[in-house]
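So the sequence shown is residues 558 to 1029, counted in our numbering. The beta-carbon is built from N, C-alpha and C at its ideal position, and this holds for glycine as well. Remember, it's a predicted structure, so these values are computed and weren't measured experimentally. See below for the structure under consideration.
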Amino acid sequence: MDRQDVLQQLVKRYAQQPERLSKQVRLEQALRQAVSQAWPHQTRLPSHRQLAVTLGVARHTLSRAIASLIEEGLLTTFHGKGTWSCKKEVSAAPTPPSVKLSKRAQQVLRWPGASTVQSGAFVPGIPDIAQFPMRKWRQLYASVTVPQNALLLSYSTGGYGPLKRAIREFLARWRNIHCDIEQIIITDGTHNGIELCAMALADVGDTVAIESPCYWGARNIFTAAGLSIEMLPWFPDSGHALPQTTDNIALAYLTGSHHYPLSVPTNATHKQQLCTALSPTYVVEDDYEFTRDDHTNLLFDPNSERHLLVGSFSKMMFPGLRLGYLVVPHHLAGPMNRLRSELFREGRMLEQAVLAQFMFDGDLDAWCRRIQRDYLGRQQVLHDKLSSLPKVSNVSPPTSAISLCVEFAPGVNDVALAQALLKEHFIVRPLSTVCTKTDPRVGLVMGVGMLSGVTLVREAQRLRRCLELLLR
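If you want it as structure tokens, here you go:
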């Protein structure tokens, strides 16, 4: 392969990276894809000067990107002699020892779950991390990281008090939920909150009712906790399909005001009908994504003795934050707080203090209002591009959420579609893998958090062209 071909391939892959990412990150991803997918082993790269000029990046930006890939073992260089791709040869490896995992672990790993790829065009579940006001966040972090605040380096039994007050006020403004501070438990994100509910409120072998399509993470957590899962199809027009027997349901796990992964508003009446029929001991609602005006879709009542609400800041702000909250009935607050301390040991007081100040300063409200307007516009672009495709039966209506769902006519293999799109650097999730066997719906779940502006329009057009070919 001559250097001109090498250069053209790298330029093409660099242009496909989201423009919201820094030039160095875009360059690293382009190089990584080229080395692993296109270039033969020991392909020589053009000179650093030629690469920098052609790609329009500074020499030091290029040098840092190349140094990063050298550290990963994907590139190798010799002073004065050039830089080469370095594919690791696949050699016959000795037979690894057999791994004996628990049946619960094997069941979790049998299902598709967390993707190893967490960035790229249309990756679902990732908010816009490029536009997040990181400068303000760093300033707040620096302000709390002072010697006088040494106690913030300790455990945070029960959670950071000011953060609980900030969450209480936020819930009153955005969700019309008026609860006491004592009802709020700080968690390490949604998964931790759901796990705490499973551990505290159900025994091994108990039944948890969840919706189909479901949030894959919740299904995995309940499986790992040893619970029996009853998946009930939910249809926005008609409600839930009820099982033949409705006895002994320990938990009902429902999405909040906005369904994931269907990306449509939920219906409080449907939820109430389901809970009346099943009579679960406890009802856990996962407020995955929401806007200021959709709280009427919630079934949660802070004065109820059996309703719990799970919330997270990861989808509002950035996934690496891993902070969330539980709102629980008064009689469960003490025992569940103690159980959390015994099982998980709370920490992350620094992050909790920063988040509390971020909320008190009004920055979270301002960020949510701004980015939700952006998401609505982005969803409209994607909706317009995909709704007229052949074999598309429905595209979720544009909302202020980060995800949307494209449903196909029966017979379309959405798993094969997702795999084929991955080769074109589109990161989407098949819908059928989170549906029960009696729920025949197929589709693709995708996100708008990583793309905006002209990049979104270009990639949406490219996605449409790919789907047109694949759906024929």
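Taking 9 Å as the threshold (C-beta atoms), are residue 1009 and residue 931 in contact? Residue 931 sits at position 374 when you count from the first residue of the sequence shown. Residue 1009 sits at position 452 when you count from the first residue of the sequence shown. A contact, by the Cβ cut-off of 9 Å.
Short CB-CB distance (under 9 Å) between residue 780 and chain C: The chain inventory of the structure shown lacks chain C, comprising one protein chain alone.
Tell me which residue opens and which closes the beta strand (DSSP E) that residue 642 is part of. On the sequence shown, position 85 is the one that residue 642 refers to. Start and end: 639-642.
Under the assumption that residue 784 contacts residue 797 (Cβ atoms under 8 Å), give the Cβ distance between them as a whole number of angstroms. In the sequence shown, the residue the question calls residue 784 occupies position 227. In the sequence shown, the residue the question calls residue 797 occupies position 240. That belief does not hold up - the Cβ atoms of residue 784 and residue 797 are roughly 19 Å apart, past 8 Å.
Are the beta-carbon atoms belonging to residue 781 and residue 606 less than 9 Å from one another? Residue numbering aside, residue 781 sits at position 224 when the sequence shown is read from its first letter. Residue numbering aside, residue 606 sits at position 49 when the sequence shown is read from its first letter. Result no, Cβ atoms of residue 781 and residue 606 do not sit closer than 9 Å.
Buried or exposed: residue 843, going by 16 or more other Cβ atoms within 10 Å of its Cβ? Reading the sequence shown from its first residue, position 286 is the one you call residue 843. If you draw a 10 Å sphere on the C-beta of residue 843, you find 16 or more other C-beta atoms in it, and that means buried.
Mind checking who residue 986 pairs with in its DSSP beta bridge? Here residue 986 corresponds to residue number 429 of the sequence shown, with the count starting at 1. Looking at the DSSP assignment, residue 986 forms a beta bridge with 1002.
Decide yes or no for the touch test of the segment 747-761 against the segment 827-843: beta carbon pairs closer than 8 Å, at least 3 of them. yes
If we ignore side chains and look at the alpha-carbon of each, how far apart do residue 972 and residue 989 end up? Locating residue 972 in the sequence shown gives position 415, counting from the first residue. Locating residue 989 in the sequence shown gives position 432, counting from the first residue. If I take the Cα positions, the gap works out to 8 Å.
By DSSP, does residue 962 sit in helix, in strand, or in coil? If you number the sequence shown from 1, residue 962 lands on position 405. Secondary structure of residue 962 (DSSP, three-state): strand.
Cβ neighbours of residue 854 in the same chain (closer than 6 Å, five flanking residues each side left out): Taking the first residue of the sequence shown as 1, we reach residue 854 at position 297. Within the same chain, residue 854 has close Cβ partners 814, 822, 823 and 825.
Taking residue 882 as the reference, which of 869, 874 and 890 has the closest Cα? Counted from its first residue, the sequence shown places residue 882 at position 325. Of 869, 874 and 890, the residue nearest in Cα terms is 869.
Of the choices 1013, 602 and 758, whose alpha-carbon is the least far from that of residue 865? Position 308 of the sequence shown, counted from the first residue, corresponds to residue 865. Selected option, being the one with the closest Cα: 758.
Rank 572, 735 and 562 by C-alpha distance to the C-alpha of residue 596 and give the top, closest one. Numbered from its first residue, the sequence shown carries residue 596 at position 39. Considering only alpha carbons, the answer is 562.
Evaluate contact between the segment 759-775 and the segment 725-741, counting only Cβ atoms and requiring at least three cross-stretch pairs below 8 Å. no
Give me the Cα-Cα distance between residue 910 and residue 694, rounded to the nearest whole angstrom. In the sequence shown, counting from the first residue as 1, residue 910 sits at position 353. In the sequence shown, counting from the first residue as 1, residue 694 sits at position 137. Annotation: residue 910 to residue 694 spans about 11 Å, alpha carbon to alpha carbon.
Local Cβ density within 10 Å of residue 635, reported as buried at 16 or more and exposed below that: Stepping through the sequence shown from its first residue, residue 635 is reached at position 78. Exposed: under 16 other Cβ atoms inside 10 Å.
3-residue-minimum beta strand (DSSP E) runs that sit fully inside the segment 797-871, ordered along the chain: 806-812, 839-843 and 864-869
Return the chain-ordered list of same chain residues with a C-beta closer than 6 Å to the C-beta of residue 898, the five sequence neighbours on each side being excluded. Against the sequence shown, residue 898 aligns to sequence position 341. Excluding positions up to five away in sequence, the list reads 714.
If we count Cβ pairs, one from each stretch, closer than 8 Å, do we get three or more for the segment 674-688 versus the segment 980-988? yes
Given that a residue counts as buried once 16 or more other Cβ atoms are within 10 Å of its Cβ, and exposed if not, what is residue 779? By 1-based counting over the sequence shown, the position of residue 779 is 222. It is buried - the Cβ of residue 779 has at least 16 other Cβ atoms within 10 Å.
How would you write the range of the beta strand (DSSP E) that residue 576 sits in, first residue to last? The sequence position of residue 576 within the sequence shown is 19, counting from 1. Counting along the chain, residue 576 falls outside any beta strand (DSSP E), and DSSP gives it neither H nor E.
Which two residues bound the contiguous beta strand (DSSP E) that contains residue 881? Here residue 881 is taken as the residue at index 324 of the sequence shown, counted from 1. It spans 881-884 - the beta strand (DSSP E) in which residue 881 sits, taken as one unbroken run.
Distance between residue 970 and residue 667 (C-alpha atoms, nearest Å): Taking the first residue of the sequence shown as position 1, residue 667 is located at position 110. Taking the first residue of the sequence shown as position 1, residue 970 is located at position 413. Roughly 19 Å separates the two Cα atoms.
How would you label residue 696, buried or exposed, when you count the other beta carbons within 10 angstroms and need 16 or more for buried? The sequence position of residue 696 within the sequence shown is 139, counting from 1. Flag for residue 696 reads exposed.
Between residue 581 and the rest of its own chain, which residues show a CB-CB distance below 7 Å, the 5 nearest in sequence each way excluded? Here the question's residue 581 lines up with position 24 in the sequence shown. For residue 581, same chain residues with a beta-carbon under 7 Å away, outside a window of 5 residues either side, are 618, 621 and 622 in chain order.
Spatial neighbours of residue 566 in its chain, beta-carbon cut-off 8 Å, leaving aside the 5 residues before and after: Residue 566 sits at position 9 when you count from the first residue of the sequence shown. Excluding the 5 residues flanking it on each side, residue 566 has same chain C-beta neighbours closer than 8 Å at 591, 595 and 596, in chain order.
Three-state secondary structure (DSSP) at residue 776? Your numbering for residue 776 matches position 219 in the sequence shown. Helix, per DSSP.
Neighbour-count burial assignment, residue 891, 16 or more Cβ in a 10 Å radius: Your numbering for residue 891 matches position 334 in the sequence shown. Result: exposed.
Ordered along the chain, which non-local residues of its own chain (more than five positions away) have a Cβ less than 6 Å from that of residue 763? Position 206 of the sequence shown holds residue 763. Same-chain partners within the cutoff: 784 and 807.
Go ahead and pull the three-state DSSP assignment for residue 951. Position 394 of the sequence shown holds residue 951. Residue state, collapsed to three classes: strand.
Taking the alpha-carbon positions, what's the residue 682 to residue 638 distance? Along the sequence shown, one-based indexing puts residue 682 at 125. Along the sequence shown, one-based indexing puts residue 638 at 81. Computed Cα separation, rounded: 44 Å.
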